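*Asks:* Residue numbers (mature numbering (1 follows the signal peptide of the UniProt record, and there is no 0)): -18 to -1, 1 to 173. Note that CB positions come from ideal geometry on N, CA and C, so glycine has one too. It should be emphasised that the depicted structure is a prediction, and the values quoted were computed from it without experimental measurement.
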Amino acid sequence: MIKKYVILASTLILSACAATQPPPPLTLTPTAVFTSKPWANHKALNLTSVDKVPNRYIAAIDSGTENVQVIQPQQPVSTTLRQALTQQLSGQGFSITDNATSTMVITVEKALVTVKQKLVKYNMHSELQLTLTVNTPDGQFIKRYSGRSSREDALKASPKDIATSMNKLMDSVLNEIASDSELNKYLKENI
C-alpha cells in the first residue's frame, strides 16, 4: 500500500517538474492580390521590410492563472508580408530588384493576436499595423495601413485559429494596398 503511494507521489512530482514543450512556430500564409491587367510595365522597384514590433512572438494566450503562453511565427511577419507584396507587385507588372532607384519599405509596427482563454470559451483580439514608405527620385509617399478583428468562440483557441485570424488581417491589408488609389497614382506617376 505504501509502495503505491510512493509511486503515485513520485509520478506527480516528476510530472510537475517536467517542462512543457513550447508550441511549434506558426506558419502564416497571406494571399497576394492580383490585378486582372498588369499596369506597371516592368518598372523597377526595390522592396524591403523592417520589423519594429516590440515583441518577437505573434500570439499570447492568457489562461488566467498567471500562465501566459507565447507562440512564435515561423519567420518574422515583415518577411512574410514582403514575400506576399513581392508577388502582388510583380502581378501588377513591377520588376522587383535590388538595383532600382525607387524603393518601397514595409515597416511592421504591430502584429499580435491576444487570446483570453476561459474555461469553456475564448476571446481573441488580432491587430496588425504597418507603414508603407515609397521613396523615388521625385519624392516620398508614406501611408499607414492597419487592421483589427475580434472573435469569441467555444472551447479552446487552436494554433490554426490564431494563424487564420492573422492571415485574414494580412489579406485585408494587402487588399487595401492593392486597391489604394493614392498609392497606385503615386507609383504610376513617379516610378
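1. Once you ignore the five residues that flank Asn157 on each side, which residues in its own chain have a CB closer than 8 Å to its CB?
2. What do you get for residue 204, buried or exposed, if any count of 16 or more other CB atoms within 10 angstroms of its CB means buried?
3. When you compare only the Cα positions, how much space is there between Gly75 and Ala139?
4. Near Ala(-1), which residues of its chain fall below 8 Å by C-beta distance, leaving aside the five closest residues on each side in sequence?
5. Might you give, ordered along the chain, the residues of its own chain that have their beta carbon closer than 6 Å to the beta carbon of Thr115, omitting 5 neighbours on each side?
6. With a cut-off of 8 Å on the beta carbons, I'd call Val32 and Ala42 a contact; round off their distance for me.
7. Check for me: the alpha helix (DSSP H) holding Asn157 runs from which residue to which?
8. Since Ile40 and Ala93 are thought to touch, with beta carbons under 8 Å apart, how far apart are those beta carbons, to the nearest angstrom?
*Replies:* Taking the structure as given:
1. Val15
2. Absent from the structure is residue 204, since the part of the chain shown begins at -18 and ends at 173.
3. 40 Å
4. At Ala(-1), the pLDDT of 48 sits below 50, so the modelled position is not reliable; the number obtained from the coordinates is stated separately. Cβ neighbours of Ala(-1) beyond the five flanking positions: none.
5. Val87 and Ile124
6. With a Cβ gap of about 22 Å, Val32 and Ala42 do not count as contacting.
7. Pro141 to Ala160
8. 6 Å
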